[in-house]
Amino acid sequence: MNAQTRVSPMPRGKYRGMLQILRFNWPMYVLALLFCSGAIVAVAVWRPHYLVAWMMVAAMGFALCWMLASLAASHWVYDRSGLCDWTWIRSVLSAPPRAWASLHAGLDESSGQLKELFPGSRAKVLDIFDPGEMTEPSIAAARNSACSTMAARADFRALPFARGELDAVFLIFAAHEIRKPVSRSRFFKEINRVLNPGGQVLLVEHLRDWNNFLAFGPGFFHFHSRRTWLNAAGQAGLSVERIFAITPFVGVFVFQKPSESSPRE
């Protein structure tokens, strides 16, 4: 079942999320500013042909627009929407999990809230960072952030759980760091293994779509498409329970491991 819905805005009145994005990706913003500065100097001093000058001005305009748009979108998503309140998760799952795991790649801002949402549950927070698979510069900055929490290290190819041990797995802005399709497929099959029949996966990600292109420019290539996530889940034997959006930039997918009495697709 695919449901399109939205989480009601919950203003936080802070710029923490936006500033965090700026801190993690500051080299990109510095390069954009340097490019704009160089374009201004080139047009003013060298006075190139007017067509070249207009092309340089247009490129500078795109760079400035994407810089501002990315910060505005980040502020909307992380500071002004209800996303980072995380209480909406309780209503998304079919039942409170008795045993669950939150998997991240070094930056974890949700597990503490998850433990409050599901008191008395058996929780495990794992850091699945793999330097051979996750090579984006921004992830190094995120891992050095004071916002990161202590977590046990784990191999995403072989999670430290018995078959059918978990009721839920939370993948919140983490799974996109696994870039290779083969590795991603293996990861989702491993998640299927550790879930009990009827167990659920909550995946929260930016998507490689027009909305994120307009907001983040070429940076949207760092995200994966909706089809990528659906294919990964489907190949692992997980069914789609629900899909909805939080702002135009973030997609939420709820996948479920079929119960033993349900026929597999």
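If you count by this note's numbering, then the sequence shown holds residues 7 to 271, one letter each, in order. Don't be surprised by glycine CBs; every beta carbon is placed ideally from N, CA and C.
Can residue i and residue j be called in contact, C-beta distance under 8 Å?
| i | j | result |
| --- | --- | --- |
| L172 | A105 | yes |
| N198 | K121 | no |
| R233 | V98 | no |
| K195 | A242 | yes |
| W92 | T253 | no |
| I95 | L123 | yes |
Does the Cβ of residue i have 16 or more other Cβ atoms within 10 Å, making it buried, or fewer, making it exposed?
| i | result |
| --- | --- |
| T141 | exposed |
| E115 | buried |
| M5 | The requested residue 5 does not occur in the structure, where the chain is confined to residues 7 to 271. |
| S265 | exposed |
| R169 | exposed |
| Y84 | buried |
| S80 | buried |
Taking only the alpha-carbon atoms, compute the straight-line gap between residue i and residue j and give it to the nearest angstrom.
| i | j | result |
| --- | --- | --- |
| V49 | N217 | 32 Å |
| P219 | H228 | Reading off the sequence shown, one finds Phe at residue 219, where the question assumed Pro. Approximately 11 Å between the Cα atoms of the pair. |
| G240 | P125 | 31 Å |
| D5 | A69 | Any property of residue 5 remains undetermined from this structure, which presents the chain solely from 7 to 271. |
| V200 | D161 | 14 Å |
| E183 | E139 | 8 Å |
| V188 | V175 | 20 Å |
| C90 | V63 | 37 Å |
| F193 | A157 | 19 Å |
Within its chain, find whatever has a CB closer than 6 Å to the CB of residue i; leave out the 5 residues flanking it on each side and keep chain order.
| i | result |
| --- | --- |
| S117 | S108 and V131 |
| H110 | A180 |
| I178 | S116 and V210 |
| R159 | D133 |
| F167 | V200 |
Excluding the 5 residues preceding and the 5 following residue i in the sequence, name in chain order all residues of the same chain whose CB lies nearer than 8 Å to its CB.
| i | result |
| --- | --- |
| M3 | The structure shown does not extend to residue 3, since the chain is modelled only from 7 to 271, so the question has no answer here. |
| N202 | G170, E171, L172, D173 and K263 |
| L57 | none |
Excluding the 5 residues flanking residue i on each side, which residues of the same chain have their C-beta closer than 7 Å to its C-beta?
| i | result |
| --- | --- |
| M73 | Y35 and A38 |
| S245 | F261, Q262, P264 and E271 |
| R190 | I184 and A238 |
Does the beta-carbon of residue i, which I'm using as the reference point, lie nearer than 7 Å to any heavy atom of the ligand FAD?
| i | result |
| --- | --- |
| A65 | Absence of the ligand FAD from the depicted structure is noted, as is the absence of any ligand whatsoever, leaving it without description. |
_Three or more C-beta pairs below 8 Å linking the segment 93 to 107 and the segment 123 to 138_ = Judged by Cβ distances under 8 Å, the segment 93 to 107 makes contact with the segment 123 to 138, as three or more pairs qualify.
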